[in-house]
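Shown next, in the form of structure tokens:
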């Protein structure tokens, strides 16, 4: 992510990390504000040194090879420790004041954001923080109008007025109770879910726009049993067996850990993913307190994405993941 990050390690590590996140050399170069050829040279240099390819070149973008996965784990540990050092230097310099306003989607307030705020309070107890919960579609305007310093939102389209600081990719799934007829499925398609009653999000939420083509494709004339802009209400309905709700694992970590809900990945289109992004207004230099919190959020999003990929329960925060 952008910001005043320490650059005491080889640029190749930072370039590789950005390519891994973006799945594209061109997009990585754009975010790093360097030429694509410079990024490509660094990737080739690493591949030459280790004697193996780091990425598969596919029509849809770059994908890590097995060697790339091994190197990625090493880079993640290096950058996490570098971030820890940077934050400790910040603490030594004394970030003694500041205020940060965050506009966030509801799901991030359950586990992800509290974990970050605990770390922020521990590192910089004098910094004050305000949090406003909104639908993803309303968050860009909050950033543009300076009502928020940072925005956490799912599946936002690109817009020149805002810049993406960080992103994590999370799979959308059906939420059902353990007693539900679909509970034993490893994956499920949207049409099968419709047979058991749908609990859908209203248009203020990004999930609505991700699922709207599937819902329209069913040709259903009747309205779904429930439409709501509250993910908590949708979860409660699913928990009581009143239909099938839809969400990523972000925001349902506690329910999954307790076994009160199951998350069954949707199989439509080979899997539907919702990107949880961290955003700020374009062209704005982030104040110190905002930048520090942005780095902590970036680290937490990355940790939870890795936890999902390795099939761990995403209830672990960054400090816990480091101990694994």
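Residue numbers (full-length UniProt numbering): 1 to 324.
The beta-carbon is built from N, C-alpha and C at its ideal position, and this holds for glycine as well.
- Of the candidates 70, 308 and 299, the residue whose Cα lies closest to the Cα of residue 166 is 299.
- Going by C-alpha positions, residue 288 is about 36 angstroms away from residue 47.
- With 16 or more neighbouring CB atoms inside 10 Å of its own CB, residue 168 falls in the buried class.
- Secondary-structure assignment with DSSP links residue 275 through a beta bridge to 169.
- 15 is the residue among 293, 60 and 15 whose C-alpha sits nearest the C-alpha of residue 45.
- Bounds of any alpha helix (DSSP H) do not take in residue 181, whose DSSP letter is neither H nor E.
- In the DSSP assignment, residue 144 falls within the alpha helix (DSSP H) that extends over 139-144.
- In the DSSP assignment, residue 56 falls within the beta strand (DSSP E) that extends over 55-58.
- Annotation: the continuous alpha helix (DSSP H) that includes residue 213 extends over 206-218.
- DSSP places residue 158 outside both helix and strand once states are collapsed to three, so it counts as coil.
- Excluding residues up to 5 positions away in sequence, 178 lie with their Cβ nearer than 7 angstroms to the Cβ of residue 259 in the same chain.
- Spatial neighbours of residue 137 in its own chain (CB-CB distance under 6 angstroms, excluding positions within 5 residues in sequence) are listed in chain order as 204.
- Of 277, 11 and 30, the smallest CA-CA separation from residue 157 is found for 277.
- Non-local beta-carbon contacts of residue 268 in its own chain, meaning distances under 7 angstroms to residues more than five positions away in sequence, involve 189, 190 and 214 in chain order.
- DSSP places residue 192 inside the alpha helix (DSSP H), whose first and last residues are 190-194.
- For residue 101, the pairing in a beta bridge is given by DSSP as 130.
- Contact annotation, residue 281 with residue 261: C-beta distance approximately 36 angstroms; criterion of less than 8 angstroms not satisfied.
- Taking a contact to require three or more Cβ pairs closer than 8 angstroms, the region 134-154 and the region 99-106 qualify as touching.
- With fewer than 16 other Cβ atoms inside 10 Å of its own Cβ, residue 122 counts as exposed.
- With 16 or more neighbouring CB atoms inside 10 Å of its own CB, residue 134 falls in the buried class.
- In the DSSP assignment, residue 125 is bridged to no other residue.
- Of the candidates 163, 129 and 50, the residue whose Cα lies closest to the Cα of residue 65 is 50.
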